[in-house]
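*Asks:*
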Amino acid sequence: MAKVCWPYFDPEYENLSVRINPPSRVSVDNTSCRDCTVVKVDSVNKPGILLEVVQILTDLDFIITKAYVSSDGGWFMDVFHVTDQQGKQITDGKTIDYIERALGPKGHTTDGMKNCPGKRVGVHCVGNHTAIELIGRDRPGLLSEISAVLANLHFNVAAAEVWTHNRRIACVLYVNDDTTSRAVGEPNRLSIMEEQLKHILRGCEDDDKVARTSFSMGFTHIDRRLHQMLFADRDYEGGGVTTEVDYPPSFKPKITVERCEEKGYSVVSVRCKDRAKLMFDIVCTLTDMQYVVFHANISSNGPYALQEYFIRHMDGCTLDTEGEKERVIKCLEAAIHRRVSEGLSLELCAKDRVGLLSEVTRILRENGLSVRRAGVSTVGEQAVNVFYVRDAYGNPVDTKTIEALRKEIGHTMMLNVKKDPASAKAPEAETSGWAKTSFFFGNLLEKFLA
451 MAKVCWPYFD PEYENLSVRI NPPSRVSVDN TSCRDCTVVK VDSVNKPGIL LEVVQILTDL
511 DFIITKAYVS SDGGWFMDVF HVTDQQGKQI TDGKTIDYIE RALGPKGHTT DGMKNCPGKR
571 VGVHCVGNHT AIELIGRDRP GLLSEISAVL ANLHFNVAAA EVWTHNRRIA CVLYVNDDTT
631 SRAVGEPNRL SIMEEQLKHI LRGCEDDDKV ARTSFSMGFT HIDRRLHQML FADRDYEGGG
691 VTTEVDYPPS FKPKITVERC EEKGYSVVSV RCKDRAKLMF DIVCTLTDMQ YVVFHANISS
751 NGPYALQEYF IRHMDGCTLD TEGEKERVIK CLEAAIHRRV SEGLSLELCA KDRVGLLSEV
811 TRILRENGLS VRRAGVSTVG EQAVNVFYVR DAYGNPVDTK TIEALRKEIG HTMMLNVKKD
871 PASAKAPEAE TSGWAKTSFF FGNLLEKFLA
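This note's numbering numbers the first residue of the sequence shown as 451 and each following residue consecutively.
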């Protein structure tokens with residue numbers, strides 16, 4: 451069967467549309483629904499606009515409970531039902547003002563997006579810091595080795611995001627000189643750092659081709675960049691290494707790709723356990739796979755989410771071959787699972803000092819803990835490190851190990867231990883506590899990167 455192709459964006463038509471149509475309209479409504487805030491966006495359509503909107507809402511740590519998207523033709527119309535991390539309406543005046551400005555006509559430009567606060571990769575938007583990207587084969591203690599190398603070379607880690615999936619690790623780290631607190635630009639020094647990091651990332655001889663270190667100069671959102679790095683690394687191809695620990699049964703998504711014959715769309719349906727940033731992860735992946743979302747329906751029913759996306763490829767073609775459909779399903783499964791970390795989260799707060807991350811990760815390694823995901827941030831003199839951990843074999847961490855960890859850390863750091871809400875057995879009180887921690891950490895990282 452021949453592919454059905456539909457016209458997409460013509461540059462001349464898009465320019466005409468901008469001249470004819472009025473600027474973006476944004477409304478934040480707390481009266482229509484008692485249990486959520488309704489955010490409506492009407493705007494001239496353009497490639498990537500849905501991801502931009504979802505990214506802004508996600509950076510504010512909002513929970514998207516429902517969404518309706520329509521972007522056929524030259525106009526984009528979207529309705530989001532959102533709450534804060536505690537399930538309440540958004541009532542803070544400054545936050546509402548920021549939403550209206552960020553999603554308004556000035557916010558929906560490439561330059562405008564650069565000026566918006568958020569988690570972005572690139573030395574230009576983080577002041578006196580150099581952004582480093584790492585990807586390679588994961589193993590217990592690897593983050594500790596990376597931190598030790600940077601400390602020995604007199605680099606201080608001011609912020610970082612670390613994801614692991616399918617035995618791969620991807621990191622974005624913001625570093626500066628531990629004496630001057632400025633970005634490092636000396637080619638020789640950076641070359642030495644790059645070579646040493648590559649050496650420990652290789653892990654074994656056959657991993658040489660896929661262990662990479664690079665210095666980022668772009669303005670890509672950190673979470674999106676981590677998705678891009680793992681996608682380029684083809685982490686969605688399991689190759690028989692995926693375990694039940696990597697993909698918890700409670701998070702096994704059901705994804706289908708069907709044809710909508712009447713309108714000429716491919717319909718991607720995703721049903722899985724709901725969690726924060728789920729819509730961002732899916733829209734980000736579809737966008738980077740060069741698919742355009744024309745319509746979407748998003749809803750949460752209890753602990754589960756149902757998301758439907760009506761898509762075509764950027765060239766206007768639908769997904770007609772089984773190979774294309776299978777690849778989309780695999781890539782979306784990977785995108786969903788990258789942020790899943792069943793088990794414990796450890797939040798360590800301490801006065802910032804050079805080598806702190808190296809010290810903390812060494813303690814975790816010596817206590818037999820493997821870091822599945824991590825977020826590191828420094829604001830002023832305060833450092834906040836959040837680690838999602840399992841034991842070295844991928845099993846849940848026992849109480850004795852946590853108590854030993856508390857004793858070794860002593861009084862120099864404050865340690866909070868919480869159960870990740872990804873765990874189906876997590877008590878409601880503990881899950882709520884984790885949500886507050888996540889919100890707090892997200893704000894810290896945003897302040898650092900602003």
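C-beta atoms are modelled at their ideal positions from N, C-alpha and C, and glycine is treated no differently.
Mark Cys-781 as exposed unless 16 or more other C-beta atoms lie within 10 angstroms of its C-beta, in which case mark it buried.
*Replies:* Taking the sequence shown and counting its residues from 1, the one referred to as residue 781 is at position 331. By the 10 Å Cβ count, Cys-781 comes out buried.
*Asks:* Does the separation of the CB atoms of Asn-480 and Gln-536 fall below 7 Å?
*Replies:* Locating residue 480 in the sequence shown gives position 30, where the first residue counts as 1. Locating residue 536 in the sequence shown gives position 86, where the first residue counts as 1. No, these two residues do not count as a Cβ contact at 7 Å.
*Asks:* Just verifying my parser: in three-state terms, what is the DSSP assignment at Ser-641?
*Replies:* The sequence position of residue 641 within the sequence shown is 191, counting from 1. Three-state result, Ser-641: helix.
*Asks:* What does the Cβ neighbour count give for Gln-832, buried or exposed, with the cut at 16 atoms within 10 Å?
*Replies:* As a working note, residue 832 is residue 382 in the sequence shown. When all chains shown are included, Gln-832 counts as exposed.
*Asks:* Who are the near neighbours of Gly-688 in its chain, counting only those whose CB is closer than 7 Å to its CB and skipping five residues on each side?
*Replies:* On the sequence shown, position 238 is the one that residue 688 refers to. So the list reads Asn-616, once near-sequence residues are dropped.
*Asks:* Give the range of the beta strand (DSSP E) segment to which Cys-710 is assigned.
*Replies:* Taking the sequence shown and counting its residues from 1, one reaches residue 710 at position 260. It spans 704-710 - the beta strand (DSSP E) in which Cys-710 sits, taken as one unbroken run.
*Asks:* Is Cys-767 helix, strand or coil when you go by DSSP?
*Replies:* Stepping through the sequence shown from its first residue, residue 767 is reached at position 317. Note: Cys-767 maps to strand in three-state DSSP.
*Asks:* For Val-720 versus Phe-760, is the C-beta spacing smaller than 7 Å?
*Replies:* Counted from its first residue, the sequence shown places residue 720 at position 270. Counted from its first residue, the sequence shown places residue 760 at position 310. Not in contact: Val-720 and Phe-760 (Cβ atoms no closer than 7 Å).
*Asks:* What does a CB cutoff of less than 7 Å around Glu-880 pick up in its chain, not counting 5 residues either side in sequence?
*Replies:* Sequence index remark: in the sequence shown, residue 880 carries index 430 (1-based). For Glu-880, the predicted model reports a pLDDT of 34, less than 50, meaning its position is unreliable; a value from the coordinates is still stated below. These residues qualify, in order along the chain: Lys-868, Lys-869.
*Asks:* By a C-beta neighbour count over all protein chains shown, 10 Å radius and 16 as the cutoff for buried, is Cys-621 buried or exposed?
*Replies:* Numbered from its first residue, the sequence shown carries residue 621 at position 171. By the 10 Å Cβ count, Cys-621 comes out buried.
*Asks:* Going by the DSSP bridge assignment, what does Gln-832 pair with across the sheet?
*Replies:* Taking the first residue of the sequence shown as position 1, residue 832 is located at position 382. Per DSSP, Lys-801, Val-829.
*Asks:* Just mark Ser-482 as buried or exposed, buried being the case when its beta carbon has 16 or more other beta carbons within 10 Å.
*Replies:* On the sequence shown, residue 482 is found 32 positions in, with the first residue counted as 1. By the neighbour-count rule (16 or more Cβ atoms within 10 Å), Ser-482 is not buried but exposed.
*Asks:* Measure the alpha-carbon distance for Gly-714 versus Leu-736 and round it to whole angstroms.
*Replies:* Residue numbering aside, residue 714 sits at position 264 when the sequence shown is read from its first letter. Residue numbering aside, residue 736 sits at position 286 when the sequence shown is read from its first letter. Distance between the alpha carbons of Gly-714 and Leu-736 is about 18 Å.
*Asks:* Touch check for the stretch 785-800 and the stretch 540-548: three-plus C-beta pairs under 8 Å?
*Replies:* Contact fails: fewer than three Cβ-Cβ distances are below 8 Å.
*Asks:* Is there contact between the stretch 751-759 and the stretch 788-797, where contact requires at least three CB pairs shorter than 8 Å?
*Replies:* As far as the Cβ criterion goes, the stretch 751-759 does not touch the stretch 788-797, which means the pair count is below three.
*Asks:* What do you get for Ser-493, buried or exposed, if any count of 16 or more other CB atoms within 10 angstroms of its CB means buried?
*Replies:* Here residue 493 refers to the residue found at position 43 when the sequence shown is read from its first residue. It counts as buried.
*Asks:* Counting C-beta neighbours from all protein chains within 10 Å, is the total for Asn-495 16 or more, i.e. buried, or is it exposed?
*Replies:* Counting from one through the sequence shown, the residue named residue 495 turns up at place 45. Answer is buried; the Cβ neighbour count reaches 16.
*Asks:* Measure the C-alpha to C-alpha separation of Arg-618 and Val-847 and round it to an integer number of angstroms.
*Replies:* Here the question's residue 618 lines up with position 168 in the sequence shown. Here the question's residue 847 lines up with position 397 in the sequence shown. Roughly 21 Å between the two C-alpha positions.
*Asks:* Taking only the alpha-carbon atoms, compute the straight-line gap between Cys-575 and Glu-644 and give it to the nearest angstrom.
*Replies:* Your numbering for residue 575 matches position 125 in the sequence shown. Your numbering for residue 644 matches position 194 in the sequence shown. The predicted position of Cys-575 is uncertain, since its pLDDT is 38 and thus under 50; a value taken from the coordinates is nonetheless stated next. Distance between the alpha carbons of Cys-575 and Glu-644 is about 22 Å.
*Asks:* Just to confirm, are Ser-750 and Ala-598 a CB contact at a threshold of 7 Å?
*Replies:* Start at 1 with the first residue of the sequence shown, and residue 750 comes out as number 300. Start at 1 with the first residue of the sequence shown, and residue 598 comes out as number 148. Cβ atoms of Ser-750 and Ala-598: not closer than 7 Å.
*Asks:* Distance, Cα to Cα, Val-810 vs Val-826?
*Replies:* On the sequence shown, residue 810 is found 360 positions in, with the first residue counted as 1. On the sequence shown, residue 826 is found 376 positions in, with the first residue counted as 1. So the alpha carbons of these two residues sit roughly 11 Å apart.
*Asks:* Is the beta carbon of Asp-509 less than 7 Å from the beta carbon of Val-519?
*Replies:* If you number the sequence shown from 1, residue 509 lands on position 59. If you number the sequence shown from 1, residue 519 lands on position 69. In this structure, Val-519 does not lie closer than 7 Å to Asp-509 by Cβ.
*Asks:* Assuming Ile-650 contacts Glu-595 under a Cβ cut-off of 8 Å, what Cβ separation, rounded to an integer in Å, is found between them?
*Replies:* In the sequence shown, residue 650 corresponds to position 200, counting from 1. In the sequence shown, residue 595 corresponds to position 145, counting from 1. Going by Cβ atoms, the distance from Ile-650 to Glu-595 rounds to 5 Å, so yes, they are a contact pair.
*Asks:* Identify the residues that DSSP records as bridge partners of Gly-586: which are they?
*Replies:* Taking the first residue of the sequence shown as 1, we reach residue 586 at position 136. In the DSSP output, where bridge partners are listed per residue, Gly-586 has Ile-619.
*Asks:* Just list the residues that DSSP pairs Asp-627 with in beta bridges.
*Replies:* In the sequence shown, counting from the first residue as 1, residue 627 sits at position 177. Note: Asp-627 sits in a beta bridge opposite Phe-605.
*Asks:* If you compare alpha carbons, which of Pro-497, Gly-586, Glu-774, Val-829 is closest to Trp-525?
*Replies:* The residue labelled residue 525 in the question sits at position 75 within the sequence shown. Taking only the C-alpha atoms, the option nearest Trp-525 is Pro-497.
*Asks:* Beta-carbon separation of Val-491 and Ile-514 under 7 Å?
*Replies:* If you number the sequence shown from 1, residue 491 lands on position 41. If you number the sequence shown from 1, residue 514 lands on position 64. Contact: no.
*Asks:* Between the stretch 770-777 and the stretch 844-858, are three or more C-beta pairs nearer than 8 Å?
*Replies:* At 8 Å Cβ cutoff, the stretches do not touch.
*Asks:* Using beta-carbon positions only, say whether Gly-805 and Ala-601 come within less than 7 Å of one another.
*Replies:* By 1-based counting over the sequence shown, the position of residue 805 is 355. By 1-based counting over the sequence shown, the position of residue 601 is 151. Result yes, Cβ atoms of Gly-805 and Ala-601 sit closer than 7 Å.
*Asks:* In angstroms with no decimal places, state the Cα-to-Cα distance between Thr-663 and Gly-554.
*Replies:* Counting from 1 along the sequence shown, the entry for residue 663 is found at position 213. Counting from 1 along the sequence shown, the entry for residue 554 is found at position 104. Going from the Cα of Thr-663 to the Cα of Gly-554 covers about 37 Å.
*Asks:* Among the candidates Ser-521, Asp-731, Ile-499, Arg-675, whose CA atom is the shortest distance from the CA of Glu-611?
*Replies:* The sequence position of residue 611 within the sequence shown is 161, counting from 1. For Glu-611, the nearest C-alpha among the options comes from Arg-675.
*Asks:* Buried or exposed for Thr-706, going by 16 or more other Cβ atoms inside 10 Å?
*Replies:* For the purposes of this step, residue 706 is taken as the residue at position 256 of the sequence shown. Result: exposed.
*Asks:* Answer with buried or exposed for Thr-768, where buried requires no fewer than 16 other C-beta atoms within 10 angstroms of its C-beta.
*Replies:* Translated into the one-based positions of the sequence shown, residue 768 becomes position 318. Label assigned to Thr-768: buried.
*Asks:* Need the endpoints of the beta strand (DSSP E) that His-745 sits in, please.
*Replies:* The residue labelled residue 745 in the question sits at position 295 within the sequence shown. Its beta strand (DSSP E) spans residues 741-751.
*Asks:* Mind checking Lys-727: buried by the 16 CB within 10 Å criterion, or exposed?
*Replies:* As a working mapping, residue 727 is identified with position 277 in the sequence shown. So Lys-727 ends up on the buried side.
*Asks:* Ordered along the chain, which non-local residues of its own chain (more than five positions away) have a Cβ less than 8 Å from that of His-579?
*Replies:* Position 129 of the sequence shown holds residue 579. The residues are Val-573, Ala-608, Ala-609, Tyr-624, Val-625, Asn-626, Ala-633.
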